[in-house]
Structures are given as C-alpha cells and as structure tokens.
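Undergrad: Quick one: structure below, then a few questions.
Protein chains: 2
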Amino acid sequence: MAYIELNNQLPGITGLLENRPDTGAPIRELTQILLRGESTLTELERELIATLVSYRNECRYCTSAHAATVRALGGTEDLLEKVFHDPGEAPVSEKMRALLAIAAKVQRLGKEVTASDIEKARASGASDIEIHDTVLIAALFCLYNRYVDGLGTYRPEDPAYYQRLASRLVTIGYSRPKDGLARKGEELYK
Amino acid sequence: MAYIELNNQLPGITGLLENRPDTGAPIRELTQILLRGESTLTELERELIATLVSYRNECRYCTSAHAATVRALGGTEDLLEKVFHDPGEAPVSEKMRALLAIAAKVQRLGKEVTASDIEKARASGASDIEIHDTVLIAALFCLYNRYVDGLGTYRPEDPAYYQRLASRLVTIGYSRPKDGLARKGEELYK
C-alpha cells in the first residue's frame, strides 16, 4: 500500500503513472525518448545507466525493474554485479565506463561532474549528445526513484513480476498501452 | 559555457530546453502542470518547494531563479531565509511546514520519507494530492538541479537576470513561448 490512496492496485511507478495520467504522460514521453528513442547508445547501455542510478538511490523497485530489463536485453549477472560494485571494471566499452562514472556523479549531485569527467568521456569517443543523454537519464532516475520511494509504493517480492515488467519494457517500451495500463496491469502485475 | 555545445547562448536550464526541444517539451509540460496547474497549493507554496530543493541540491542557478519567483509572488526575504536555514520555523501554515519537511527528505532520498511524515502532513490538513504533488515537485527539481549543474551550464551573476526570468515564470509560466524562447531569450536573458 502506498502512502496515499491510488485509483488502482498497481505496484511501484506503474500505480503512480496511472493514478495521475496528466503528470504521467510527460514522464512516460520523456522516458520513451531517452531510453527507446534514436540514439548511438544501445538500449542496454541506457538501461544500465538507469539501473546504476536506481541502485545508488537505494530504490529497490526501480533497481529490480531495470536490472531485469538489462537481463532481458542480454546483460549478464556479472555485468550488473560490476556496474553496481565496481563500475570502473565493468565489462563495457571505455566510453561507457566514462559515461557511467558521470552518471554516478550526477546521482550524488550535479555539481560533482567536472570538466575533466567530460573530457575523459569525450577522449574515449563519447559525443555531446551521448554525454547530454547520460546526464539527463541519470537525472530522470533521480526523479523516478524519489517519486516511487517518497510515496511508499508497493514493491512486489516475486522476481517473476520484474521479468514480466522487463519483457513489456523491451517489447512495448515506456509509452502507455493504448488499452490502458490499469486493465493490462491486472494480468501483467498480479 | 556549458560542458557540451548548445545551439544557443541561453543560460542554465533555458539553454538546455531549447537545445533539445524533444526532451524539453515533456519537461516543460510536467513543470507547467505541477507548478501552474490547478491546485489547492498556491503558486508561491509550490515555488517554495522548488526553491528549498534547489537550495539543498546546491544548484545556484535554480535557487536564484526560484527564489526570485518566490519574491515576485510576494514572498519575503525572511520567508526565504527561514525556508533555507530553519524550515521548521518558516512563516507558513502548519500544513506547509509538514510538506516542506517531506520535500527536504525527498531531496535526500525517497526512502527517507516515513509513514509518520505523511501522517503529520495529513493531520495538519494536507490532502493526498497535495502530498503527491509535494513529492513529485521535489523529485522534479532533483532532476532539474542535476541536469543544470551536471552539464555545467552558464550561470549569470546579475540579479536583474533572475528578476526578468521570474517575471516571465509568473506571467507566462513554464510553457515554451510560441515565438520561440531562443529569440525571446535574446532580449530576456542578455
């Protein structure tokens, strides 16, 4: 049970987005553009940024959801383990290591990012738009994690829930299903 | 100069929103709904939440911009001073004190908000939607502050800049001016 009364029984962010569709719509749209829109970063790379930030914000719902999405996109347990605990050694490109380092700083505080962090990313091949999107994805998950935990939303324990959610995030993405998430949710999220 | 190349010379968030209008549009829309949409919280009260969070995230651009907006909406220096340094003693309603306390916790980490913080807000008259919007406004400014500082955007020193910006945020709000902010910006932000 969330701290406030919702118009549905959906867990985590899904219940919040359905509860207030007017604010839910732009949040979904921004996420769809950043995580599924055209980009030279792969969906797996963008989901890794989301997962790292959620983990560092100690948001268990979002961490479980996006770690499951990383797995659904082909990421291994070893990759996740390294990204969480030793991102400098993660089995990703040098560019991604530099971008993950920026995301980790954004998670703490925007002003921790320095010109030299940006130079490092650029030197390993990151473009301005990749740097931009890394910062904005990290900032967006600082919003999500606080929204989900600040309202005390319900968090399922069953790993199968996160696998079903991840499968939806891989095949459909972050847009609202046309027939309504609440109804779909009855099947998806129970 | 921001860390990345922008398509304009606008400072702070304004340059970022113009630089990538596809992500800028949903960010503006969400802000307009939360800070200027229909609500039982006044615009001043909602701007106070934004200002407190920006201050605690040490984002000088956003703090200056929203403190100026609080002033433009009739808030005093004493009010701002108390909200920054002694929010429990701020000259606001008991309900707003409870909501500001929730916002301050959201700024740190979503999971810091407890059922007893929510109960306190409710006991002082806060509705579920007011609690929801407080959490989401605080979370949104955790995004903004990181976006603005994480990309090292330019921050004007001149207080007159923030007064002009605040005047626009009070009269027009957060939507993109129809004739383009970039052009308007040439007048507004120089």
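Line order of the protein sequences matches chains A and B.
Just so you know, we're using the numbering used here here: the first sequence kicks off at 2 and counts up by one.
Just so you know, we're using the numbering used here here: the second sequence kicks off at 2 and counts up by one.
Yeah, the Cβ is synthetic: ideal placement off N, Cα and C, and Gly gets one too.
For M2/B, count neighbouring C-beta atoms within 10 Å of its own C-beta (all shown protein chains included) and say buried if the count is 16 or more, exposed if not.
TA: The residue you call residue 2/B lines up with position 1 of the second sequence. Classification for M2/B: exposed.
Undergrad: So with Cβ pairs under 8 Å, would you call V93/A a contact of chain B?
TA: To locate residue 93/A, count along the first sequence from 1; it is residue 92. With 8 Å as the cut-off, V93/A does not count as an interface residue toward chain B.
Undergrad: Helix or strand or just coil, what does DSSP make of I5/B?
TA: Counting from 1 along the second sequence, the entry for residue 5/B is found at position 4. It is coil, neither helix nor strand.
Undergrad: If we call anything under 8 Å between Cβ atoms a contact, is R72/A one with A161/A?
TA: Locating residue 72/A in the first sequence gives position 71, where the first residue counts as 1. Locating residue 161/A in the first sequence gives position 160, where the first residue counts as 1. Their beta carbons are not under 8 Å apart, which means R72/A does not touch A161/A by this criterion.
Undergrad: List, in chain order, every chain B residue whose beta-carbon is nearer than 7 Å to that of V149/A.
TA: In the first sequence, the residue the question calls residue 149/A occupies position 148. Those are G111, listed as they occur along chain B.
Undergrad: How would you list, in chain order, the residues of chain A whose beta-carbon sits under 7 Å from the beta-carbon of L42/B?
TA: Counting from 1 along the second sequence, the entry for residue 42/B is found at position 41. Residues of chain A passing the Cβ test: none, with the nearest at roughly 14 Å.
Undergrad: CA-CA distance, M97/A and Q108/B?
TA: What you label residue 97/A is simply residue 96 of the first sequence in a count that begins at 1. What you label residue 108/B is simply residue 107 of the second sequence in a count that begins at 1. The straight-line gap from Cα to Cα measures roughly 27 Å.
Undergrad: Is the beta carbon of I138/A less than 8 Å from the beta carbon of A68/A?
TA: As a working note, residue 138/A is residue 137 in the first sequence. As a working note, residue 68/A is residue 67 in the first sequence. Their beta carbons are not under 8 Å apart, which means I138/A does not touch A68/A by this criterion.
Undergrad: Would you report the Cα separation of R156/B and Q10/A, rounded to the nearest angstrom?
TA: Taking the first residue of the second sequence as 1, we reach residue 156/B at position 155. Taking the first residue of the first sequence as 1, we reach residue 10/A at position 9. Those two C-alpha atoms are separated by around 44 Å.
Undergrad: In whole angstroms, what is the alpha-carbon distance linking P27/B and E30/A?
TA: For this step, residue 27/B is matched to residue 26 along the second sequence. For this step, residue 30/A is matched to residue 29 along the first sequence. About 7 Å.
Undergrad: Measure the alpha-carbon distance for E46/B versus V54/A and round it to whole angstroms.
TA: Within the second sequence, residue 46/B is the residue found at index 45, counting from 1. Within the first sequence, residue 54/A is the residue found at index 53, counting from 1. Those two C-alpha atoms are separated by around 30 Å.
Undergrad: Would P12/A count as contacting chain B if we go by Cβ distances under 8 Å?
TA: Taking the first residue of the first sequence as position 1, residue 12/A is located at position 11. No, P12/A does not count as interfacial toward chain B.
Undergrad: Once you ignore the five residues that flank N58/A on each side, which residues in its own chain have a CB closer than 6 Å to its CB?
TA: Sequence index remark: in the first sequence, residue 58/A carries index 57 (1-based). Same-chain partners within the cutoff: N146.
Undergrad: Against chain B, does H133/A count as a neighbour if the rule is that its beta carbon must be under 8 Å from one of theirs?
TA: In the first sequence, the residue the question calls residue 133/A occupies position 132. At least one chain B Cβ lies under 8 Å of H133/A.
Undergrad: In three-state DSSP terms, what is Y62/B?
TA: Along the second sequence, read from residue 1 onward, the residue named residue 62/B stands at position 61. Looking at Y62/B - three-state DSSP - the assignment turns out to be helix.
Undergrad: Going along the chain, which residues of the stretch 29 to 62 of chain A sit with their C-beta nearer than 7 Å to a C-beta in chain B?
TA: Residues passing the 7 Å Cβ filter: E30, L31, I34, L35, N58, E59 and C60.
Undergrad: State the Cα-Cα distance for the pair D134/B and D118/B, rounded to the nearest angstrom.
TA: Position 133 of the second sequence, counting from 1, holds the residue named residue 134/B. Position 117 of the second sequence, counting from 1, holds the residue named residue 118/B. So the two alpha carbons sit approximately 15 Å from each other.
Undergrad: Looking at C-alpha atoms only, which residue of H86/A, G75/A and Y62/A is the closest neighbour of T43/A?
TA: Within the first sequence, numbered from 1, the residue matching residue 43/A stands at position 42. Residue G75/A is the option with its Cα nearest to T43/A.
Undergrad: Give the range of the alpha helix (DSSP H) segment to which S128/A is assigned.
TA: Here residue 128/A corresponds to residue number 127 of the first sequence, with the count starting at 1. Element bounds for S128/A: n/a, residue is neither H nor E.
Undergrad: Going along the chain, which unbroken runs of the alpha helix (DSSP H) with 4 or more residues stay wholly within the stretch 100 to 158 of chain B?
TA: The qualifying runs are 116 to 124 and 129 to 151.
Undergrad: What three-state label does DSSP hand S55/B in the structure shown?
TA: For the purposes of this step, residue 55/B is taken as residue 54 along the second sequence, with counting starting at 1. Reduced to three states, the DSSP call for S55/B is helix.
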